[in-house]
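Reviewing the structure listed below.
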Amino acid sequence: MGADSFRRFATMEAAVSSPLYAALAEQIAGDERLRDVFEAAGDRHVALVFAVVHRVLADHVDDPLAAYYASLGGDRAPDAELPKVFEAFVLGHRDRIQELLATRDTQSNEPLRAAQLRPAFGWAQAGLGRSLGLIEVGTSAGLLLYPDRYGYEYAFGDGSVLEQPPAAGSDPRDTVQAPVLRCPVRGSATAKTLAPLVTKDLRISSRVGLDLNPLNPADAETRAWLRAQVWPEEADRRSRLDAALVLAARYPARLRKGDALDILPTAVGMVSAPAVPCVFVSNALAHFSDDARAGFVELIRGLGSRQDLVLILKEPDSVGLGLFTRRPAADPSAPRVESLGAVLYQAGRERCFVLGTAGPHGAWLDWAPAVL
Numbered sequence: 001m002g003a004d005s006f007r008r009f010a011t012m013e014a015a016v017s018s019p020l021y022a023a024l025a026e027q028i029a030g031d032e033r034l035r036d037v038f039e040a041a042g043d044r045h046v047a048l049v050f051a052v053v054h055r056v057l058a059d060h061v062d063d064p065l066a067a068y069y070a071s072l073g074g075d076r077a078p079d080a081e082l083p084k085v086f087e088a089f090v091l092g093h094r095d096r097i098q099e100l101l102a103t104r105d106t107q108s109n110e111p112l113r114a115a116q117l118r119p120a121f122g123w124a125q126a127g128l129g130r131s132l133g134l135i136e137v138g139t140s141a142g143l144l145l146y147p148d149r150y151g152y153e154y155a156f157g158d159g160s161v162l163e164q165p166p167a168a169g170s171d172p173r174d175t176v177q178a179p180v181l182r183c184p185v186r187g188s189a190t191a192k193t194l195a196p197l198v199t200k201d202l203r204i205s206s207r208v209g210l211d212l213n214p215l216n217p218a219d220a221e222t223r224a225w226l227r228a229q230v231w232p233e234e235a236d237r238r239s240r241l242d243a244a245l246v247l248a249a250r251y252p253a254r255l256r257k258g259d260a261l262d263i264l265p266t267a268v269g270m271v272s273a274p275a276v277p278c279v280f281v282s283n284a285l286a287h288f289s290d291d292a293r294a295g296f297v298e299l300i301r302g303l304g305s306r307q308d309l310v311l312i313l314k315e316p317d318s319v320g321l322g323l324f325t326r327r328p329a330a331d332p333s334a335p336r337v338e339s340l341g342a343v344l345y346q347a348g349r350e351r352c353f354v355l356g357t358a359g360p361h362g363a364w365l366d367w368a369p370a371v372l
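When we follow UniProt numbering, the leftmost residue of the sequence shown carries the number 1, and every step to the right adds one.
Written out as structure tokens, the structure reads:
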């Protein structure tokens with residue numbers, strides 16, 4: 001991970017969202033001793049470096065560096081003292097930092113993505129007329145497996161707001177409160193057109209997550225690692241994550257460890273009729289190799305040829321809906337946009353639908369369904 005990687009991160013990713021990380025990335029880019037510490041990250045994303053430092057610092061909140069981290073109670077802006085403080089912390093905790101860099105990976109689990117997926121699940125249920133057996137590929141801690149429990153608030157350009165409160169627990173004594181996920185809606189969709197897909201009960205017969213390394217939301221270290229991946233300035237995102245982790249720990253879903261290409265057929269086979277298996281992926285296929293993505297398409301088509309099934313994709317076109325149907329190449333200079341789509345299998349027939357577009361990390365939704 002060279003100096004250029006840190007400079008790109010500072011200017012293209014952190015400059016607006018995190019003045020702290022932008023300043024630290026510039027410092028690392030110009031300091032070979034610090035880059036030597038972070039060599040254990042290999043060629044993985046720069047965000048892993050900052051997540052690891054954040055995680056180690058959470059165990060040392062009395063260190064002067066914590067004063068710069070809003071997530072740890074600090075309120076100090078980057079200043080002339082920051083480089084010295086950061087260098088001292090990194091060099092002083094070099095062994096622990098390198099241990100985590102060698103053994104951890106970024107597995108952020110943003111529950112706000114459920115606000116983008118919720119209309120897609122409602123669309124699938126309405127079209128099939130049957131309950132859904134949710135199967136998430138690349139589940140991390142499984143926080144997207146609870147679309148029926150979260151509350152939602154969709155804000156439209158005309159000022160209208162569509163609200164759906166969190167589902168009540170079956171036990172009135174249960175004090176666990178699911179978070180309300182707030183998502184702006186762009187484009188031509190209105191509260192009236194989106195409401196039938198969001199306010200009607202979502203009937204989920206089962207929920208299972210598949211991952212090479214599924215994370216247990218009830219585990220304290222898992223929670224600490226997921227929190228460390230949230231940038232220090234992102235208070236709302238941290239609160240949302242904490243509430244979703246409490247919910248997932250209270251209502252544990254089945255999380256299965258393994259390669260999706262190996263274990264997905266079993267997961268699909270465990271969905272009991274008359275429910276329809278609903279496989280979904282959100283920011284996961286981009287991490288697959290080209291061969292693995294091709295294998296995933298072949299597997300889905302094989303499963304769909306034998307039973308009714310729906311696949312929901314929220315990925316950049318080239319690694320999502322574009323794998324199943326020819327789509328125009330994206331403009332590389334345009335802002336990052338994810339395609340929300342569905343591939344439906346009924347009586348062995350494959351049909352592809354674009355459902356809209358979506359911003360990263362649940363930032364916004366443009367709901368505009370059309371058959372392809």
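Heads up, the beta-carbon is just placed ideally off N, CA and C, and yes, glycines get one too.
Residue range of the beta strand (DSSP E) that includes residue i
| i | result |
| --- | --- |
| residue 298 | It is not in any beta strand (DSSP E) - residue 298 instead sits in the alpha helix (DSSP H) that spans 290-304. |
| residue 211 | 204-211 |
| residue 182 | 180-186 |
| residue 249 | No beta strand (DSSP E) contains residue 249, which is instead part of the alpha helix (DSSP H) from 235-250. |
| residue 163 | 161-164 |
| residue 367 | 365-371 |
| residue 72 | Element bounds for residue 72: n/a, residue is neither H nor E. |
Local Cβ density within 10 Å of residue i, reported as buried at 16 or more and exposed below that
| i | result |
| --- | --- |
| residue 1 | buried |
| residue 314 | buried |
| residue 320 | buried |
| residue 148 | buried |
| residue 53 | buried |
| residue 283 | buried |
| residue 228 | buried |
| residue 136 | buried |
| residue 277 | buried |
| residue 239 | exposed |
| residue 160 | exposed |
| residue 95 | exposed |
| residue 348 | exposed |
| residue 5 | buried |
Unbroken alpha helix (DSSP H) run spanning residue i, endpoints
| i | result |
| --- | --- |
| residue 125 | 113-128 |
| residue 53 | 46-58 |
| residue 133 | Run containing residue 133: none in the alpha helix (DSSP H); it sits in the beta strand (DSSP E), 132-137. |
| residue 36 | 32-37 |
| residue 87 | 82-92 |
| residue 227 | 220-228 |
Local conformation of residue i per DSSP, three classes
| i | result |
| --- | --- |
| residue 19 | helix |
| residue 322 | helix |
| residue 356 | strand |
| residue 351 | strand |
| residue 98 | helix |
| residue 4 | helix |
| residue 315 | strand |
| residue 340 | strand |
| residue 276 | strand |
| residue 146 | coil |
| residue 192 | helix |
| residue 103 | helix |
| residue 25 | helix |
| residue 11 | helix |
| residue 64 | helix |
| residue 175 | coil |
Which residues DSSP lists as bridging residue i, in chain order
| i | result |
| --- | --- |
| residue 151 | 180 |
| residue 345 | 309 and 350 |
| residue 281 | 137 and 313 |
| residue 156 | 185 |
| residue 256 | 210 |
Contacts around residue i, its chain only, beta-carbon distance under 7 Å, and the 5 residues preceding and following it disregarded
| i | result |
| --- | --- |
| residue 82 | 23 and 68 |
| residue 176 | 169, 246, 247 and 250 |
Residues near residue i by beta carbon distance below 6 Å, same chain, minus five either side
| i | result |
| --- | --- |
| residue 454 | Past the edges of the chain, shown from 1 to 372, lies residue 454, and the structure says nothing about it. |
| residue 180 | 151 and 153 |
| residue 27 | 83 |
| residue 100 | 52 |
Contacting residues, own chain, Cβ-Cβ under 8 Å from residue i (five flanking each side not counted)
| i | result |
| --- | --- |
| residue 337 | 316, 330, 357, 358 and 359 |
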